[in-house]
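Enquirer: For the sequence shown, position 323 matches number 325 in our numbering, and the numbering has no gaps at all.
Glycine residues also receive a C-beta, built at the ideal position from the N, C-alpha and C atoms.
What follows is a structure written as structure tokens; I'll ask about it next.
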Amino acid sequence: MPVSRRSVLIGAGVGAGVVAAGGAASLLSDGLPADPSSLHRIASLPADDASPGWFHTSRLRQPKAPLIGDAKAPWVVVGAGFTGLAAARQLALNFPNDEIILVEAQQVGFGTSGRNAGFLIDVPHDIGAPDYIGDQTIAKHVLELNQRGQSILRDQVQEHNIVDAQLRHSGKYQAAVEDKGIAVLNAYRGGLEKLGQPCEIIEGNELRDHIGTSFYRKALYTPGTMLVQPSALVKGLADSLPANVKLYEDTPITAVDYGSKTVLHHATGRITADKLILANNAFGQYFGFLEGRMLPIFTYGSLTRPLTPAEQASIGGKEFWGVIPADPFGTTSRRTHDNRILVRNSFSFNPDGRAKPGYPEKVRAAHRLSFERRFATLKDVPFEHTWGGGLAMTRNGAGFFGELRENVYGALGCNGLGTVRGTATGTLLANLLAGKRESLTDYLLSAPKPAWNPPQPLLSIGVNFTLRKGQSDAGLEG
3 MPVSRRSVLI GAGVGAGVVA AGGAASLLSD GLPADPSSLH RIASLPADDA SPGWFHTSRL
63 RQPKAPLIGD AKAPWVVVGA GFTGLAAARQ LALNFPNDEI ILVEAQQVGF GTSGRNAGFL
123 IDVPHDIGAP DYIGDQTIAK HVLELNQRGQ SILRDQVQEH NIVDAQLRHS GKYQAAVEDK
183 GIAVLNAYRG GLEKLGQPCE IIEGNELRDH IGTSFYRKAL YTPGTMLVQP SALVKGLADS
243 LPANVKLYED TPITAVDYGS KTVLHHATGR ITADKLILAN NAFGQYFGFL EGRMLPIFTY
303 GSLTRPLTPA EQASIGGKEF WGVIPADPFG TTSRRTHDNR ILVRNSFSFN PDGRAKPGYP
363 EKVRAAHRLS FERRFATLKD VPFEHTWGGG LAMTRNGAGF FGELRENVYG ALGCNGLGTV
423 RGTATGTLLA NLLAGKRESL TDYLLSAPKP AWNPPQPLLS IGVNFTLRKG QSDAGLEG
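Following this line, the structure appears as structure tokens:
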């Protein structure tokens, strides 16, 4: 789910840092293990809640069977989200005579990649800069990276006829209720104009005619964002992989042997890889890399049943739209292709990257309040689904791209923009491994690496305090 840039921990020096200017670390660097112990046991496996709305309202598909026994391949990719699917696809195209094994701990579309709000955002947004753009050179790289991810996904949807992905060139509305939010919009508009990106301020009755609510005073509209049904999209991407990609679902990796070849252990056997690509975001730390640098933050969404024709008429507005808040702890909302309303807010720090049992039920009341504030005429419309989804955040907003150790590579730490950044970095990493290098590759290899976190328990104390304060300070935008 998209989340704006903001400090996650202030007092102890930790930030949520989805700073769009943040890139990725290059090759081996201090703090990365040069030689993990022979057998590295995976301490935490993905375990998401059972109620992701996008998954349950998208096309039912037959998941690929888990791996039984042993396998080996020149290339193994761990994680079948946006990053892993992109990496596996591009490896298959670059090495058509090689088999690529892609392993996913859960079902495709059930995990993080199918739990976001479905925004494919193009423009950068750096809250550390007065104009929310900052350094123009870095901002242009970020813009190019995001647009690359967009174009890859758009082309694949068209090529493989993934119609249920519901891809729409709808743009996005960054909307504000209070004066502080309007100040953000005005400053950001100036930054976007300096970057040469189209945008416009929409307010009052005109804004209501766009998004079906008079709750917001003003919005900054940027036309480049696309909206998708994220779970349907990743399902379609998985089902259209090249023939030399072998996908195994429900196959969590439980231990790893690092050496000249990498041996991945699973429930019934082993996978031997000449080269390993980690595309499992926050769970990369459990493979022995970037330990103490990831901040797994969960955010939560609720999805209504489809609106009736009378309910649709009561709100008006466009058929499809997406609103993100001026305040990073505010509420994201969408009207979907099948006439549902999505509400996304509330945050939790889940250090192990796993869902907290019962937490979606705890946040449903907050979703209900936010929904009814915006759509009073729909107060009797129930939510059908409430769920959580993880974000792989880092203190400084930087991700990792490149070599983790000999024959092990990663594209990790998407900082809440996994749809576009994950797609782009997965593709670029596969190209780099085929000897194809470009300016974006050089940018990613030379950009800062993820910053260290303070030790526990200071980390949890600080992050939880800042999350609570941020949600409280969001005011009416929450």
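State the start and end residues of the unbroken alpha helix (DSSP H) segment that holds residue 445.
Expert: 441 to 448
Enquirer: Helix, strand or coil: which one does DSSP assign to residue 454?
Expert: coil
Enquirer: According to the Cβ coordinates, are residue 332 and residue 213 closer than 9 Å?
Expert: no
Enquirer: Once you ignore the five residues that flank residue 527 on each side, which residues in its own chain have a CB closer than 6 Å to its CB?
Expert: No information on residue 527 is available, as it lies outside the stretch 3 to 480 that the chain covers here.
Enquirer: What whole-angstrom Cβ distance do residue 390 and residue 357 have, given they're in contact under 8 Å?
Expert: 6 Å
Enquirer: Taking the Cβ atom as the reference point for each residue, do residue 110 and residue 236 lie within a distance shorter than 9 Å?
Expert: yes
Enquirer: From what residue to what residue does the alpha helix (DSSP H) around residue 176 run?
Expert: For residue 176, there is no enclosing alpha helix (DSSP H); the residue is found in the beta strand (DSSP E) stretching over 174 to 178.
Enquirer: If distances are taken between C-alpha atoms only, which option among 313, 243, 291 comes closest to residue 380?
Expert: Nearest C-alpha to residue 380: 313.
Enquirer: In the DSSP output, what is residue 250 paired with across the bridge?
Expert: 105
Enquirer: Could I get the ranges of all uninterrupted beta strand (DSSP E) runs contained in the segment 56 to 97, with 3 residues as the minimum, in chain order?
Expert: 73 to 80
Enquirer: Ignore the nearest five residues each way along the sequence and tell me which others in residue 434's own chain have a CB closer than 6 Å to its CB.
Expert: Excluding positions up to five away in sequence, the list reads 443.
Enquirer: Do you know how far the Cα of residue 89 is from the Cα of residue 425?
Expert: One Cα belongs to residue 425, the other to residue 89, and the distance between them is close to 8 Å.
Enquirer: I need the boundaries of the beta strand (DSSP E) containing residue 347, first residue and last residue.
Expert: 343 to 351 is the span of the beta strand (DSSP E), which, as asked, contains residue 347.
Enquirer: For residue 273, write down the residues that DSSP places opposite it in a beta bridge.
Expert: 73, 266
Enquirer: Got a sec, what are the start and stop residues for the alpha helix (DSSP H) residue 164 sits in?
Expert: Residue 164: not part of any alpha helix (DSSP H); DSSP gives it neither H nor E.
Enquirer: Using only the alpha-carbon positions, how far apart do residue 112 and residue 185 sit?
Expert: 38 Å
Enquirer: Go ahead and label residue 388 buried or exposed: buried means 16 or more other beta carbons lie within 10 angstroms of its beta carbon, across all protein chains shown.
Expert: buried
Enquirer: With C-beta atoms as the reference, is residue 147 less than 9 Å away from residue 446?
Expert: yes
Enquirer: Once you ignore the five residues that flank residue 403 on each side, which residues in its own chain have a CB closer than 6 Å to its CB?
Expert: 26, 413, 427, 446
Enquirer: Less than 9 Å between the beta carbons of residue 228 and residue 299, yes or no?
Expert: no
Enquirer: Is the beta carbon of residue 483 sitting closer than 9 Å to the one on residue 141?
Expert: No information on residue 483 is available, as it lies outside the stretch 3 to 480 that the chain covers here.
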